[in-house]
Structure formats: structure tokens, C-alpha cells
């Protein structure tokens, strides 16, 4: 059983998914799966290619935006922002625990000018803490509004 956590009507975050759980995402109407976990991070993790194959076989799009130990970069935030804007339906982001996916989503939403407090509340209601990136969220939101 998957642990897809709803952050908004258009985005879900999840811990590591398996190819078998991809059918659950398709049944929920997910149209894009975003992999935020680098391959080889853990010996028991499915390879991105296996997740991509299952995703495409289920009729969904797939995008890899790996977030490693170096953390987040603005190009990664922009890549997710563009993917969210272009998605034809809900998006599922995943990593080891769902935290990196949530943090990246938070930054991408703030970059569009959304209210960081509302983004933080949405993440908290799904069980995620975005305080590590809150200063960057505030900066992105302020820049988008100016």
C-alpha cells in the first residue's frame, strides 16, 4: 500500500515507490511521476529506469530531478515549477521519505508567488516540515511578487 500524501489538489509526495505502486498512482489520476531520488542512494531502492518503465506503461509521464547530498539548486526548482505548470493532471513526487519532494514542491510554489505560510501549512498537514527551506521560500515569493 502506498503512502501518497496530498499536499494540494495537484501534488502528492511519497516515500520511495515501487513499480508495483505505480498502478495505484495511475488509478488516482496522477499524470506525472517525479523522481527526486538519485539512483544508488540505497542498496534496496528500485532503479529509476524501473520506475520510469512502470510509469510510462501505466500511461503517465516521468521526470527525474534527483536531489542529492548537495541539496537544492534553483535550476531544479525551476524544472519542477515548469513541470507542474505543464502537467495535465495531478503530480506525484517521491524520494526516500517524501521530504525532498515536499521541499522542492514548496520552493517551486513559492517561486510562482504563492504565500509561503499557506505552502508551509499544506506541507505540515501532510506531515512534512519545510522550515529548512523557509528562508528561500520567502525570498522566491517576494521576488515573484515584485
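Numbering (our numbering), first residue to last: 36 to 181.
Note that the Cβ used here is the ideal one computed from N, Cα and C, for glycine as well.
The beta strand (DSSP E) spanning residue 46 covers which residue range?
Within the chain shown, numbered from 1, the residue matching residue 46 stands at position 11. 46-49 is the extent of the beta strand (DSSP E) around residue 46.
With C-beta atoms as the reference, is residue 165 less than 7 Å away from residue 181?
Working through the chain shown from its first residue, we reach residue 165 at position 130. Working through the chain shown from its first residue, we reach residue 181 at position 146. In this structure, residue 181 does not lie closer than 7 Å to residue 165 by Cβ.
For residue 73, which residues in the same chain have their Cβ closer than 7 Å to its Cβ, ignoring the five residues on either side in sequence?
Along the chain shown, read from residue 1 onward, the residue named residue 73 stands at position 38. Taken in chain order, the residues that qualify are 101, 103.
If you reduce the DSSP assignment to three classes, tell me which class residue 105 lands in.
Against the chain shown, residue 105 aligns to sequence position 70. Three-state DSSP puts residue 105 in coil, outside helix and strand.
Below 8 Å, can you find three or more Cβ-Cβ pairs linking the region 40-60 to the region 135-146?
yes
Output needed for residue 50: all residues of its chain with C-beta closer than 8 Å, excluding positions within five of it in sequence on either side, in chain order.
In the chain shown, counting from the first residue as 1, residue 50 sits at position 15. Around residue 50, the same chain offers 38, 129, 130, 131, 132, 133 as residues with beta carbons nearer than 8 Å, after the five sequence neighbours per side are excluded.
For residue 64, name the three-state secondary structure that DSSP assigns.
By 1-based counting over the chain shown, the position of residue 64 is 29. In the structure shown, residue 64 sits in coil (DSSP, three-state: anything other than H, G, I, E or B).
Do residue 146 and residue 111 have their C-beta atoms closer together than 7 Å?
In the chain shown, the residue the question calls residue 146 occupies position 111. In the chain shown, the residue the question calls residue 111 occupies position 76. No, they are not a contact pair.
In this structure, how does DSSP classify residue 169 when only helix, strand and coil are distinguished?
The residue given as residue 169 occupies position 134 in the chain shown. The answer is helix: DSSP assigns residue 169 an H, G or I state.
Can you tell me whether DSSP reads residue 117 as helix, strand or coil?
Sequence index remark: in the chain shown, residue 117 carries index 82 (1-based). In this structure, residue 117 counts as helix in the three-state DSSP scheme.
Taking the beta carbon of residue 108 as the centre, do at least 16 other beta carbons fall within 10 Å, making it buried, or is it exposed?
Taking the first residue of the chain shown as 1, we reach residue 108 at position 73. Exposed, by the Cβ-count rule.
Go ahead and label residue 53 buried or exposed: buried means 16 or more other beta carbons lie within 10 angstroms of its beta carbon, across all protein chains shown.
As a first step, residue 53 must be located in the chain shown, where it is residue number 18. So residue 53 ends up on the exposed side.
Note the first and the last residue of the continuous beta strand (DSSP E) segment covering residue 128.
As a working mapping, residue 128 is identified with position 93 in the chain shown. Where residue 128 is concerned, the enclosing beta strand (DSSP E) stretches over 126-129.
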